[in-house]
Amino acid sequence: MSTTPYNPFQTAQAQVDAATERLGLERSMRELLRWPMHEMQFRLPVRMDNGTVEVYQGYRVRYNHARGPTKGGLRWHPDETLDTVRALACWMTWKCAVLDLPLGGGKGGVTCTPASLSEGEKERLARAYIRAVGHQLSVDKDVPAPDVNTTPQIMAWMVDEYETLIGRHHAGVITGKPIPLGGSRGRSNSTSMGGLYIARAVENLLGHKLTGARCAIQGFGNVGGGLAELLHEAGAKVIAISAFDGAIYNEKGIDIPAALKHYARNRQEISGFDGGQKITNEELLTCRCDWLFPCALENVITEQNAPEIQAPVVIELANGPTSTAADRILHERSILVVPDILANAGGVTVSYFEQVQNTYNYYWSLEQVHTELARRMADAFDAVHREHERTSGPMRLAAYMLAVERVAEACRLRGWV
Ligand code: NAD
1 MSTTPYNPFQ TAQAQVDAAT ERLGLERSMR ELLRWPMHEM QFRLPVRMDN
51 GTVEVYQGYR VRYNHARGPT KGGLRWHPDE TLDTVRALAC WMTWKCAVLD
101 LPLGGGKGGV TCTPASLSEG EKERLARAYI RAVGHQLSVD KDVPAPDVNT
151 TPQIMAWMVD EYETLIGRHH AGVITGKPIP LGGSRGRSNS TSMGGLYIAR
201 AVENLLGHKL TGARCAIQGF GNVGGGLAEL LHEAGAKVIA ISAFDGAIYN
251 EKGIDIPAAL KHYARNRQEI SGFDGGQKIT NEELLTCRCD WLFPCALENV
301 ITEQNAPEIQ APVVIELANG PTSTAADRIL HERSILVVPD ILANAGGVTV
351 SYFEQVQNTY NYYWSLEQVH TELARRMADA FDAVHREHER TSGPMRLAAY
401 MLAVERVAEA CRLRGWV
C-alpha cells in the first residue's frame, strides 16, 4: 500500500491530463488547463471572544475564467491547503462547463476548526475573509458560495461586509444567501435534487428502477441527508446511511425521517440511531445494494475496496470520492460511475440561477427553479452519455472530454493559445 499522502490536486491533474491527451490538445493548451490561472493566499487576523487574536490561513483560487466569471464555494476545514482548494477549483471549472453554464471555476477556503468557533468568531472570520479578497470579487469576476462548514448565515455576513465596503447593493457577488437577502428558492437542497435527477436519467436509460431499489448513502449532511429524504419520498429503499461516527444498515429500509431527526438532535451523529444494525463506513461502501451514493469525502473508493463494491451504479455526489486507480477497476468491472462533475452539479446550477435572479432583481418560484434544474441536469447527462457511447471509455473521461473541449474552445477564441 502507498504511504504517500493523498493529494486531490494530483488526482484532478491526472483527470485533466487523461482528457487533454485523448482530445489530442496541443502542449500549450495542456499546460494552461492543468494549473490555476490566479491564486491568492492571505493571513486573516481574527479577534477571539477572550480578547486574543488568532491568525488563520485563507485561500482563493480562480482556476480558469475563459467561459465566464469564476464560481465556487468556500470551505472552512482544519485540513484545507492550497492543493485542496486548487483541486476543487479545477473540478468547478469542468462542472460548470459540463452543465454548459457561462461560468469559470474557482474555490476558496480557510484552514480552521469551525466546531471550536463561537458565532461571533465565525462572523469576524467571515468579515475578515471579505476584507482580504473583496477587491477581487464581483458578479462579473468571481463569486463565492457555501461549501463544507460554511452556511447561508456566513454568506449573509460576507455579502453585508462586501456591500459595506463598496457602499451599494451587489447581492450577486455571493450565492447561497438566505432568501430574504436575495437567495434562491430551492438552493438549500439543490445538490441532492440534482443527484435525484441524475438517478432518474440513469433509471430511464438503463432501466435500473429506483422504486424499491436498495440505496446506500455515505454521508448524512447537507447533500447525503437531503438525498436520503428525496430517495425515500421517491419510493426507494435506503438500506445504509452513515456519518463520520459510523454507519447504520437495515435490509428492510431505514426510516429516513426518524434518522434525520436523530441526526439533527444528536450533534450530527448517526451511531446512536436504533433503526438498524451498526456497520462501519467501509462496510457501507461494499454492502449489497443497487445504487451507491458517496456523499461525504474525497478518496473513499480506492484500489483496496473497488474490487469489493457490489453496486452496479455509483453516483458521486461528494467531490473526488473515487481514486484514479479505483476508477479503472470499476470500469473494468462494468460498474457505471456517474462522475462528480456531473452528478453533484445541481448546487452550482441553482447558484447560477441565484446570480441571474440577483442581476434582474426578479425572483423565481420553487417550481420554476426545479423545472430549469431538471432540464439542465437531463441535458448534461444526455450530452455526457452520448460522448460515453462514442468513446466507449468511462463516463468520467467522457464528461472531462466534453468539458475540457468547451473550455479549450473558449481559450482559443480568446486567443490565449
Ligand atoms: P456536510 O458537512 O453537510 O456533510 C458531510 C457528511 O459526511 C456528514 O454527515 C459527516 O458526518 C459525513 N462524514 C464526515 N467524515 C466521514 C467519514 N469519514 N465517513 C463517512 N461520513 C463522513 O457536507 P455536504 O455539504 O453534505 O458535502 C458533502 C460532499 O459533497 C463534499 O465532498 C462536498 O464537497 C460535496 N458537495 C457539496 C455541495 C453542496 O451543495 N453542499 C455541492 C457539491 C458537492
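Mapping to our numbering: the sequence shown position 401 is 401, numbers consecutive.
Note that the Cβ used here is the ideal one computed from N, Cα and C, for glycine as well.
Per-residue DSSP class, three states only, for VAL110 = strand
Within the same chain, show all residues whose beta-carbon is closer than 6 Å to that of ARG406, passing over the 5 residues directly before and after it, in chain order.
-> ALA97
Looking at the structure shown, is MET1 part of a helix, part of a strand, or coil, going by DSSP?
-> The predicted position of MET1 is uncertain, since its pLDDT is 43 and thus under 50; no value can be drawn from it.
Rounded to a whole number of angstroms, what is the C-alpha to C-alpha distance between LEU125 and PRO321?
-> 29 Å
Going by CA-CA distance only, name the one from ARG30, ALA14, ALA12 and ASN7 that's closest to VAL417.
-> ARG30
For THR113, is the beta carbon positioned less than 6 Å from some heavy atom of ligand 1?
-> no
By a C-beta neighbour count over all protein chains shown, 10 Å radius and 16 as the cutoff for buried, is HIS352 buried or exposed?
-> Here the sequence assigns Tyr to residue 352, which means His is not the residue at that position. Burial call: buried.
Using the Cα positions of GLN268 and TYR129, report the straight-line distance between them to the nearest angstrom.
-> 27 Å
Ligand 1 heavy atom lying under 6 Å from the CB of LEU205 = no
Return the first residue and the last residue of the beta strand (DSSP E) that CYS215 is part of.
-> 214–218
For GLN13, the first and last residue of its enclosing alpha helix (DSSP H) = 8–23
Can you tell me the Cα-Cα spacing of ARG214 and ILE315, whole angstroms?
-> 14 Å
Close Cβ partners of LYS237 (< 8 Å) along its chain, the five nearest in sequence each way excluded = GLY212, ALA213, ARG214, CYS215, LYS252 and GLY253
In terms of residue numbering, what span does the beta strand (DSSP E) encompassing MET48 cover?
-> MET48 -> no beta strand (DSSP E), and no H or E assigned at all.
Kindly examine ligand 1 and report whether one of its heavy atoms sits closer than 6 Å to the Cβ of THR191.
-> yes
May I ask you to check if the CB of LEU297 is nearer than 6 Å to at least one heavy atom of ligand 1?
-> yes
Sorted by chain position, which residues of the same chain lie with C-beta nearer than 8 Å to LEU44's C-beta, five sequence neighbours on each side aside?
-> VAL55, TYR56, GLN57, GLY58, VAL110, LEU125, ALA128, TYR129 and ALA132
On the three-state DSSP scale, how would you describe THR151?
-> coil
Does the Cβ of GLN368 lie closer than 6 Å to at least one heavy atom of ligand 3?
-> Annotation note on ligand 3: not contained in the displayed structure, which lists ligand 1 as its ligands.
May I ask you to list the residues that DSSP assigns as paired with SER334?
-> Answer is none; SER334 lacks a bridge partner.
Verify whether the separation of the beta carbon atoms of MET377 and TYR197 is less than 7 Å.
-> yes
For MET1, collect the residues of the same chain with a Cβ closer than 8 Å to its Cβ; drop the 5 residues on either side in sequence, then sort them by chain order.
-> With a pLDDT of 43 at MET1, under the threshold of 50, the predicted position of this residue should be treated as unreliable, though the coordinate-derived value follows. Excluding sequence neighbours, MET1 sits near GLN304.
Is LYS177 closer than 7 Å to MET155 when the C-beta atoms are compared?
-> yes
Applying the criterion that 16 or more other CB atoms from any shown protein chain within 10 Å of the CB defines a buried residue, is HIS135 buried or exposed?
-> exposed
Which residues in the same chain as VAL16 place their Cβ atom closer than 6 Å to its Cβ, once the five residues preceding and following it in sequence are excluded?
-> LEU33 and ARG34
Can you tell me which of the three DSSP states ILE315 falls into?
-> strand
Do the segment 386–400 and the segment 335–344 touch if we need at least three Cβ pairs shorter than 8 Å?
-> yes
For ASN319, count neighbouring Cβ atoms within 10 angstroms of its own Cβ and tell me buried if that reaches 16, exposed if not.
-> buried
Can VAL143 be considered in contact with ligand 1, in the sense that its beta carbon sits closer than 6 Å to one or more heavy atoms?
-> no
Cβ-heavy atom distance between VAL148 and ligand 1 below 6 Å?
-> yes
Which value, in whole angstroms, describes the spacing of the CA atoms of ASN7 and TYR362?
-> 42 Å
Just curious, the beta strand (DSSP E) that SER271 is in, first and last residue?
-> Per DSSP, SER271 belongs to no beta strand (DSSP E) and is neither H nor E.
Would you kindly work out how many angstroms separate the C-alpha atoms of HIS385 and VAL348, rounded to a whole number?
-> 21 Å
How many angstroms separate the CA atom of LEU206 from the CA atom of ALA296?
-> 26 Å
Does any residue of chain C bring its CB to less than 7 Å from the CB of ASN50?
-> This model lacks chain C altogether; it includes just one protein chain.
Cβ distance (whole Å) where ALA234 is taken to contact LEU210 below 8 Å | 6 Å
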